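Residue numbers (this note's numbering), protein chains in the order written: chain X, 2 to 752; chain Z, 6 to 134.
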């Protein structure tokens with residue numbers, strides 16, 4: 002009745018199967034009946050031979066064997082069972098007589114699990130069988146978990162070991178599990194001593210490992226360390242060792258038990274992660290984080306050892322241009338090459354330094370020396386110990402020299418220069434943040450003075466920097482505050498004594514001061530503010546043209562100076578279109594001036610815009626012509642309308658013969674290409690006369706008018722030009738003009 | 006399987022099967038549904054008859070080992086069906102056979118056969134009253 006409960010208690014199969022072997026039919030019958038009654042499933046065999054045959058067909062959970070049987074007796078049968086594959090651990094209960102000590106011993110020797118004295122007390126037999134089944138189950142689970150552990154250790158490349166000191170008759174030495182043998186590259190049955198294992202550790206590391214082992218032993222402390230080893234096949238691995246001491250009953254250390262684990266992959270992953278966190282992926286140089294870390298360590302050392310250290314901020318000049326024109330891929334290539342060259346300029350150390358530096362001795366800060374990439378095109382060179390400014394300057398010069406060679410990227414040679422700002426600890430800053438900021442100030446001072454050089458920080462620079470910052474902030478607000486105005490300088494047709502157009506020039510009314518364009522246009526170009534400024538100028542020029550049209554039937558064009566980057570914008574044409582249609586004037590009232598330098602530098606990017614502008618009637622003039630390097634081949638095909646002779650040639654006219662030769666050449670070139678020609682910077686009657694004589698009839702300059710407000714220009718026209726009251730009008734009137742044909746005014750277009 | 010010239014058996018009193026042992030057998034099948042008691046008695050009858058035959062063959066110069074083995078097997082089944090005197094005799098004969106080695110004592114074999122026959126008669130009486 003209690004059978005199900007018992008079975009559940011032991012967590013056994015619901016109906017355990019018993020193979021009962023007995024030559025006595027009565028016993029077989031009785032035992033069978035009794036056990037069935039108690040929830041077992043029975044298979045009966047009258048002898049050993051039959052039992053073995055049955056086992057080949059069906060595996061019982063437990064076997065009950067009568068010891069004394071004719072033929073194959075219980076002992077021999079048991080022995081034979083143990084030989085059958087899969088029956089090594091099946092529980093076998095041997096039935097013996099009450100007074101039969103010899104049989105009991107023989108039973109165990111034959112491999113029986115237990116013995117039981119034959120009796121008619123069936124519940125005792127059933128209880129014993131349950132016990133055997135449970136023990137067998139436990140043993141099976143143990144085996145399974147042991148093999149699971151072995152498998153897990155195998156997967157984790159881990160194994161256990163045991164090391165004995167060898168006291169009190171214990172066997173001394175190291176015992177490695179087969180899993181740990183595998184970790185060290187040995188087969189499961191090899192015997193390997195501690196000495197042989199230590200020999201696998203490279204000499205240098207072996208010494209420090211031995212020291213750690215001795216320390217642990219002396220203090221009976223926990224051992225946890227990593228050691229590099231070289232396997233017999235030459236592979237290098239990193240082994241993690243972790244062990245705890247064992248103590249005997251007297252509290253003395255008796256040995257160690259622990260694990261060894263191959264952590265090579267983990268270590269490599271950790272190294273990789275550490276590398277990613279500390280190094281710039283593009284150039285492989287230390288990144289901002291690592292640089293700042295190194296700088297802070299260098300600063301601590303410098304403070305402690307009372308020496309100076311230098312921080313060099315290296316910013317590439319015009320990197321953006323390269324990136325924009327050749328593409329980011331080429332930009333990246335360039336940064337890699339620059340990184341490579343910079344590295345060669347210092348005693349660059351690639352070591353990852355975190356925490357380890359303190360242990361490495363007094364001069365360890367030398368290992369901090371490095372070049373790193375702060376981000377974008379900004380690099381930093383860290384010189385952990387310098388004697389004087391000249392040391393840092395020498396490195397700066399080395400860097401500038403290293404960049405002098407052209408860099409081949411994106412299929413072409415690029416010339417890269419850099420601006421370098423230097424800050425020295427402790428003079429130029431007491432913290433890394435201060436040093437970085439001040440090296441930045443110094444670097445910007447180089448940029449503003451023409452780039453490609455280096456400068457050491459000084460407080461005056463900081464002052465200038467602050468001024469510049471204020472200016473930049475103010476300029477941002479200049480448009481919305483209506484502080485910008487356009488002034489106009491007329492273009493004069495000397496022969497006709499009339500205005501044939503005007504050039505618009507931007508002015509900034511900052512409070513009661515008028516800021517000259519030279520002071521804010523470069524800043525606007527650096528910061529990108531030039532774009533909104535230029536767009537405003539176009540709008541304003543169109544509005545002015547409309548106003549003059551109404552005031553005095555102005556029918557010429559106003560020239561607006563644009564930087565090349567505006568020509569690169571795809572919305573320029575659309576913007577101009579909006580400006581002119583908003584005030585209902587034709588497109589041709591806007592003329593655009595681009596400097597020769599700007600045009601040639603960005604030629605490929607600018608050409609499409611030039612064509613579209615030309616199509617809608619906006620003419621293009623080339624400013625400062627003659628000073629840059631124009632490709633004459635391009636000039637013949639570009640959709641331009643006007644060349645403006647640079648004021649430097651005009652100034653020398655009548656003084657050096659060369660200048661008149663240049664002017665003559667430009668005029669001849671313009672004429673043959675069908676372009677108008679305008680002379681700028683005309684200040685004297687003599688210059689005017691020479692130009693006129695050489696064939697240039699349209700001029701600009703102080704001789705006629707400086708750049709003035711729109712109202713002043715209108716007044717000047719009304720009060721000076723129309724009444725023909727100016728000295729230059731009289732001069733033209735009196736001068737018998739050489740070659741004075743209509744062509745000299747250059748207004749007729751050949752194309 | 007009656008031997009041709011059976012010797013005069015030692016005089017043994019008739020056997021009554023032990024009530025306690027029989028009670029234990031009845032417990033295995035309280036309402037008699039499975040016919041446990043007749044099945045066990047029949048099995049005992051069959052094996053006892055066979056063993057009596059085997060013992061008769063060992064009367065003259067019998068092998069102690071064979072006699073001992075028969076006594077051993079018979080011992081526990083006799084006890085099971087409540088033939089307590091037979092079981093006791095089996096035990097004595099088995100021990101004697103083990104210690105003598107070689108040949109079995111004719112006297113022992115005769116005793117075993119006499120007790121066996123008495124037990125057989127009792128079992129047959131129970132099976133076929």
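The beta carbon of each residue, even a glycine, is placed where N, CA and C say it ideally should be.
Keep in mind it's a predicted model, so treat the numbers as computed, not measured.
- Annotated three-state conformation of residue 54 of chain X is helix, per DSSP.
- With respect to chain Z, the C-beta atom of residue 246 of chain X has no partner C-beta closer than 8 Å.
- The C-alpha of residue 241 of chain X is placed about 15 Å away from the C-alpha of residue 257 of chain X.
- Below the 8 Å Cβ cutoff, chain Z contributes 81, 82, 85 as neighbours of residue 28 of chain X, in chain order.
- If you look at residue 95 of chain Z, you'll find it in the alpha helix (DSSP H) that goes 89-105.
- In the DSSP annotation of this structure, residue 390 of chain X is not part of any beta strand (DSSP E); the continuous alpha helix (DSSP H) holding it starts and ends at 390-403.
- In the three-state DSSP reduction, residue 697 of chain X falls in the coil class, being neither helix nor strand.
- Under the three-state reduction of DSSP output, residue 253 of chain X falls in the coil class, being neither helix nor strand.
- In the displayed model, residue 241 of chain X falls within a strand according to three-state DSSP.
- Closer than 7 Å at the C-beta level to chain Z, one finds these residues of the stretch 29-46 of chain X: 30, 31, 34, 35, 38.
- Look at residue 287 of chain X here: in three-state DSSP terms it is strand.
- Looking at Z:39, Z:47, Z:76, the one whose alpha-carbon comes closest to that of residue 56 of chain Z is Z:76.
- Straight-line spacing of the CA atoms in residue 477 of chain X and residue 726 of chain X works out to 43 Å.
- Of all residues in the stretch 59-89 of chain X, those with a C-beta nearer than 7 Å to a C-beta of chain Z are 69, 71, reading in chain order.
- For residue 414 of chain X, the three-state secondary structure derived from DSSP is strand.
- Among the CB atoms of chain Z, none fall inside 8 Å of the CB of residue 139 of chain X.
- Taking all protein chains shown into account, residue 323 of chain X has 16 or more neighbouring C-beta atoms within 10 Å of its C-beta and is therefore buried.
- Inter-residue distance for residue 606 of chain X and residue 571 of chain X is about 10 Å (C-alpha atoms, whole angstroms).
- Burial of residue 695 of chain X is indicated by the presence of at least 16 other C-beta atoms within 10 angstroms of its C-beta.
- Separation of residue 70 of chain X and residue 84 of chain X (C-alpha to C-alpha, rounded to the nearest whole angstrom) is 20 Å.
- The distance from the Cβ of residue 462 of chain X to that of residue 443 of chain X is about 6 Å, consistent with a contact at the 8 Å cut-off.
- Relative to residue 88 of chain X, the option among X:52, X:123, X:264 whose CA is nearest is X:52.
- Going by C-alpha positions, residue 683 of chain X is about 19 Å away from residue 562 of chain X.
- Considering only X:143, X:677, X:308, X:120, the residue with the shortest C-alpha distance to residue 431 of chain X is X:308.
- Only exposed fits residue 51 of chain Z, as fewer than 16 other CB atoms lie within 10 angstroms of its CB.
- For residue 545 of chain X, the uninterrupted alpha helix (DSSP H) segment begins and ends at 531-553.
- Judged by DSSP in its simplified three-state form, residue 573 of chain X adopts helix.
- For residue 22 of chain X, the enclosing beta strand (DSSP E) has its first and last residue at 18-22.
- Sorting X:587, X:588, X:604, X:26 by C-alpha distance to the C-alpha of residue 595 of chain X places X:604 at the top.
- At a cut-off of 8 Å, the C-beta of residue 106 of chain X has no neighbouring C-beta in chain Z.
- Per DSSP, residue 458 of chain X lies in no alpha helix (DSSP H) segment and is marked neither H nor E.
- Taking 7 Å as the Cβ-Cβ cut-off, the stretch 112-143 of chain X approaches chain Z at 119, 121, given in chain order.
- Residue 143 of chain X has its alpha-carbon roughly 51 Å from the corresponding atom of residue 60 of chain Z.
- Looking at the backbone, the Cα of residue 79 of chain Z and that of residue 60 of chain X are separated by about 30 Å.
- With the rule of 3 Cβ pairs closer than 8 Å, the stretch 255-269 of chain X does not count as touching the stretch 314-329 of chain X.
- Distance from the CA atom of residue 94 of chain X to the CA atom of residue 154 of chain X, rounded to whole angstroms, is 36 Å.
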